[in-house]
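**Student:** The opening residue of the sequence shown carries number 251 in my numbering; numbering runs sequentially from there.
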Amino acid sequence: MSAPERIPPRRVTPGAEAAELLANGELTVRGRIREASNAALFCTIALDGSEASCVYKPVAGERPLWDFPDGTLAAREVAAYEVSEATGWSLVPPTVLRDGPYGEGMVQLWIEATPEAELLALLDAEEPGAGWKAIGFAEVGEGRTALLVHADDERLRRLAVLDAVINNADRKGGHLLPTTEGHLYGIDHGVTFNVENKLRTLLWGWAGEPLPPEILAVLDALRGALGDGAPLATRLAALITPAELDATRARVTTLLASGTHPEPAGDWPAIPWPPV
Numbered sequence: 251m252s253a254p255e256r257i258p259p260r261r262v263t264p265g266a267e268a269a270e271l272l273a274n275g276e277l278t279v280r281g282r283i284r285e286a287s288n289a290a291l292f293c294t295i296a297l298d299g300s301e302a303s304c305v306y307k308p309v310a311g312e313r314p315l316w317d318f319p320d321g322t323l324a325a326r327e328v329a330a331y332e333v334s335e336a337t338g339w340s341l342v343p344p345t346v347l348r349d350g351p352y353g354e355g356m357v358q359l360w361i362e363a364t365p366e367a368e369l370l371a372l373l374d375a376e377e378p379g380a381g382w383k384a385i386g387f388a389e390v391g392e393g394r395t396a397l398l399v400h401a402d403d404e405r406l407r408r409l410a411v412l413d414a415v416i417n418n419a420d421r422k423g424g425h426l427l428p429t430t431e432g433h434l435y436g437i438d439h440g441v442t443f444n445v446e447n448k449l450r451t452l453l454w455g456w457a458g459e460p461l462p463p464e465i466l467a468v469l470d471a472l473r474g475a476l477g478d479g480a481p482l483a484t485r486l487a488a489l490i491t492p493a494e495l496d497a498t499r500a501r502v503t504t505l506l507a508s509g510t511h512p513e514p515a516g517d518w519p520a521i522p523w524p525p526v
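1. Rounded to whole angstroms, how far is the Cβ of residue 510 from the Cβ of residue 449, which I believe are closer than 8 Å?
2. Return the chain-ordered list of same chain residues with a C-beta closer than 8 Å to the C-beta of residue 313, the five sequence neighbours on each side being excluded.
3. Return the chain-ordered ranges of every beta strand (DSSP E) run that is complete within the region 332 to 382 and spans a minimum of 3 residues.
4. Do residue 271 and residue 279 have their C-beta atoms within less than 7 Å of each other?
5. Rounded to whole angstroms, what's the CA-CA distance from residue 515 to residue 292? Just pull it up for me.
6. Have a look at residue 455 and residue 399 and give me their C-alpha separation to the nearest angstrom.
7. Excluding sequence positions up to five away, which residues of its chain have a Cβ less than 7 Å from the Cβ of residue 470?
8. Between which residues of its own chain and residue 401 is the CB-CB distance below 6 Å, once the five residues before and five after are set aside?
9. By alpha-carbon positions, which one of 325, 495, 375 and 437 ends up nearest to residue 349?
10. Measuring straight from C-alpha to C-alpha, what distance separates residue 295 and residue 358?
11. Kindly indicate which three-state DSSP category residue 394 falls into: helix, strand or coil?
12. Spell out the partners DSSP gives residue 434 in its beta bridges.
As structure tokens, this is what we get:
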């Protein structure tokens, strides 16, 4: 008698089903992502015939930081996902906080990025040109400099606003994941939601420019979602401190009052290192 044909698992993509899979599926560690500064494990996760690849970052593998409380980075990653979902932009892959093989940690859906997308570039020019926004000049060796630019892309603009809201201290080029379907995701949000201004990003191209009406409308709705007793505020209260939640509310209010993209404060390095 021949063995029964094995039905391959159905692959899960971002959406409500992905969140359910990440929260309740069985995690299997396949390897370590060595480029990560903290322990980041590549895994598969399966539930009821569905399967996906994901990243698991256990709290036990977090390196201490002088400006963030120990053991809080995984929760901040989940908080960033919650705020992203509240905007309706879905800029952060589905992310949950759960137990795993090495204890509690962040589990996030793995996103396959397309290498063909051009979001960053170095130009041998003084001005960025059409379709690009200037970040600044960078040394490229042998005493030469080049203009570092990012694409004038509405997806990046939304991500720049999200970073301002969550106070992202580490938006590098390698954290941008464009997909073949045309969506853009941002990852690595462990150093976010600090009470002090720590915004460090490559996405300064719109600094000081007016925020579009569509973004202002999203921020206004987000302000309501962050109100005392609102579902989003309740979920965030379990992930970040009361002071950090208040600071998030204040950043949204400031963006709405100014009506412009934030500019570098000058008392903190504006661009992360290395930038990519």
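Don't be surprised by glycine CBs; every beta carbon is placed ideally from N, CA and C.
**Tutor:** In terms of the structure at hand:
1. As a first step, residue 510 must be located in the sequence shown, where it is residue number 260. As a first step, residue 449 must be located in the sequence shown, where it is residue number 199. 14 Å between Cβ atoms; not a contact.
2. Working through the sequence shown from its first residue, we reach residue 313 at position 63. Around residue 313: 287 and 288.
3. 345 to 348, 355 to 359 and 370 to 373
4. Stepping through the sequence shown from its first residue, residue 271 is reached at position 21. Stepping through the sequence shown from its first residue, residue 279 is reached at position 29. In this structure, residue 279 does not lie closer than 7 Å to residue 271 by Cβ.
5. As a first step, residue 515 must be located in the sequence shown, where it is residue number 265. As a first step, residue 292 must be located in the sequence shown, where it is residue number 42. Roughly 36 Å separates the two Cα atoms.
6. What you label residue 455 is simply residue 205 of the sequence shown in a count that begins at 1. What you label residue 399 is simply residue 149 of the sequence shown in a count that begins at 1. Roughly 8 Å between the two C-alpha positions.
7. Here the question's residue 470 lines up with position 220 in the sequence shown. Sequence-distant Cβ neighbours of residue 470 in its own chain, meaning closer than 7 Å and more than five residues away, are 506.
8. Taking the sequence shown and counting its residues from 1, one reaches residue 401 at position 151. Around residue 401: 369.
9. On the sequence shown, position 99 is the one that residue 349 refers to. It is 325.
10. In the sequence shown, counting from the first residue as 1, residue 295 sits at position 45. In the sequence shown, counting from the first residue as 1, residue 358 sits at position 108. Using only the alpha carbons, I get a separation of about 10 Å.
11. Working through the sequence shown from its first residue, we reach residue 394 at position 144. Strand at residue 394.
12. Counted from its first residue, the sequence shown places residue 434 at position 184. Looking at the DSSP assignment, residue 434 forms a beta bridge with 428.
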